[in-house]
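Note sheet for the following structure.
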Amino acid sequence: MGIIERARVYSPWIYHLHCGGCNGCDIEILAALAPRFDVERFGIQLVPSPRHADILVATGCVPKQFVPMVKRVYSQVPEPKVVVAVGSCACGGSLFYDDSPENYAILGSVDRVIPVDVYVPGCAPKPEAIINGIVQAVMKLNHKKG
Amino acid sequence: MSTEFKLLKRVLSRYSTPMTLNYPSSVVPERKYSQIPSGLRGVPERDRDKCIGCRACYFACSGRATEVIDEGNKRVIDIFLFRCTFCAHCQEACPEEAIKLTERFEVAFPRDEPGAHVSTELDLLTCERCGRPYATKRMLERTYERLMEKIDPLVKETVSNDYRKLIGYCPDCRRANSVALDTHTKKYVWLEGV
């Protein structure tokens, strides 16, 4: 393992993308970052800009108005990047899943817009489940070469 | 006084453990998980021997996570965990108590893999007249048992006979051939006068 790969695995910075949800999953992500779990001991840190991030954590069903922003944020994350969908809405659409007739306002899951690498189902998932998902994302990040 | 208290506090803090949980690496459950209350709604589990394939969970599902796929002589009832909100409506609706929500919540999937589905496969009966698959055998048996439990003794024998005649046909064939099979509901009108 080279020095860049080693640094990447030991400090995976995450960017939290909230694409139209009920805020339940966002509160759980904040709980995972808080001192009770303290993910900063693994070097996981919440960053304010997608340009600094390695992992994109997306929550919520995507409204149609928000699709260009999701694409833009995804393109701003530098390679190699990993996307984690947290919550049932981001994973599969959940209550907003509609195929016929299609919902006029809400598109559905995040993977309809951007490629998702790890799915964490739950409504809302416990902080442990989110950390478990991010650990899997770090393992994927290790395999991807930027 | 306050100095002594501070000293005591400092001495005691040497023996206390930190608040932070040692999450993925700890082996002791008390130091690993924050709080797992009893009755935590996690991943649903279906007992294959109890399930009768009545589709009650499909109609009760709030997130449209449950799907029923009839293909050939097989009925597959499938819960897609990506869409499941773990609301336990299926557990409430199930007449046979086959679905139960476990306390397993640590789930993360890299993609749409078999682990993200809770599916059960059941055999379907085919109609004797038109050859169309219509219901599972176990569901018809259980319906008969439940029907006989609470039925009025006056019509018990008639209903029992009719049920045995009808059991091999699909709903459309039952309606079309009700006169030929002597199962038409009109005969109950005469029974009322008795």
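Chains as they are written, first to last, in this note's numbering: chain A, 221 to 366; chain B, -15 to 178.
We put the CB at the ideal spot given by N, CA and C, even for glycine.
Euclidean distance between Cα positions of residue i and residue j
i             : j             : result
residue 66/B  : residue 245/A : 14 angstroms
residue 222/A : residue 258/A : 27 angstroms
residue 108/B : residue 318/A : 29 angstroms
residue 266/A : residue -11/B : 38 angstroms
residue 229/A : residue 30/B  : 38 angstroms
residue 95/B  : residue 274/A : 19 angstroms
residue 269/A : residue -9/B  : 45 angstroms
residue -5/B  : residue 261/A : 26 angstroms
residue 23/B  : residue 75/B  : 12 angstroms
residue 152/B : residue 103/B : 27 angstroms
residue 46/B  : residue 39/B  : 14 angstroms
Minimum Cβ-Cβ distance from residue i to chain C less than 9 angstroms
i            : result
residue 12/B : No chain C is present in this structure, whose protein chains are A and B.
Member of the options whose CA lies at the smallest distance from the CA of residue i
i             : options                    : result
residue 64/B  : 9/B, 150/B, 42/B, 101/B    : 101/B
residue 255/A : 337/A, 347/A, 355/A        : 347/A
residue 307/A : 232/A, 230/A, 236/A, 228/A : 236/A
residue 293/A : 276/A, 283/A, 229/A        : 276/A
residue 111/B : 87/B, 149/B, 99/B          : 149/B
residue 360/A : 92/B, 9/B, 144/B           : 92/B
residue 86/B  : 116/B, 72/B, 147/B, 139/B  : 72/B
residue 252/A : 264/A, 339/A, 239/A        : 264/A
residue 62/B  : -2/B, 76/B, 106/B          : 106/B
Nearest-angstrom beta carbon gap, residue j and residue i [assumed within contact, 8 angstroms]
i             : j             : result
residue 343/A : residue 69/B  : 4 angstroms
residue 89/B  : residue 349/A : 6 angstroms
residue 337/A : residue 304/A : 7 angstroms
residue 146/B : residue 167/B : 4 angstroms
residue 113/B : residue 41/B  : Their Cβ separation, rounded to whole angstroms, is 30 angstroms, which puts residue 113/B and residue 41/B out of contact at 8 angstroms.
DSSP state of residue i mapped onto helix, strand, coil
i             : result
residue 249/A : helix
residue 103/B : strand
residue 24/B  : coil
residue 75/B  : helix
residue 347/A : helix
Below 8 angstroms, can you find three or more Cβ-Cβ pairs linking the region 2 to 16 of chain B to the region 286 to 298 of chain A?
Judged by Cβ distances under 8 angstroms, the region 2 to 16 of chain B makes no contact with the region 286 to 298 of chain A, as fewer than three pairs qualify.
Counting pairs of Cβ atoms below 8 angstroms between the region 16 to 26 of chain B and the region 48 to 63 of chain B, do you hit three or more?
Contact fails: fewer than three Cβ-Cβ distances are below 8 angstroms.
With a cut-off of 8 angstroms, do at least 3 Cβ pairs link the region 321 to 333 of chain A to the region 32 to 45 of chain B?
These segments do not touch.
Under 8 angstroms, with one C-beta from each stretch per pair, do the region 308 to 327 of chain A and the region 350 to 362 of chain A reach the 3-pair mark?
In this structure the region 308 to 327 of chain A does not lie against the region 350 to 362 of chain A, because fewer than three pairs of beta carbons, one per stretch, are closer than 8 angstroms.
Measuring CB atoms only, is the region 76 to 83 of chain B touching the region 108 to 121 of chain B, in the sense that at least three cross pairs come out at less than 8 angstroms?
Counting Cβ pairs under 8 angstroms, fewer than three are found: no touch.
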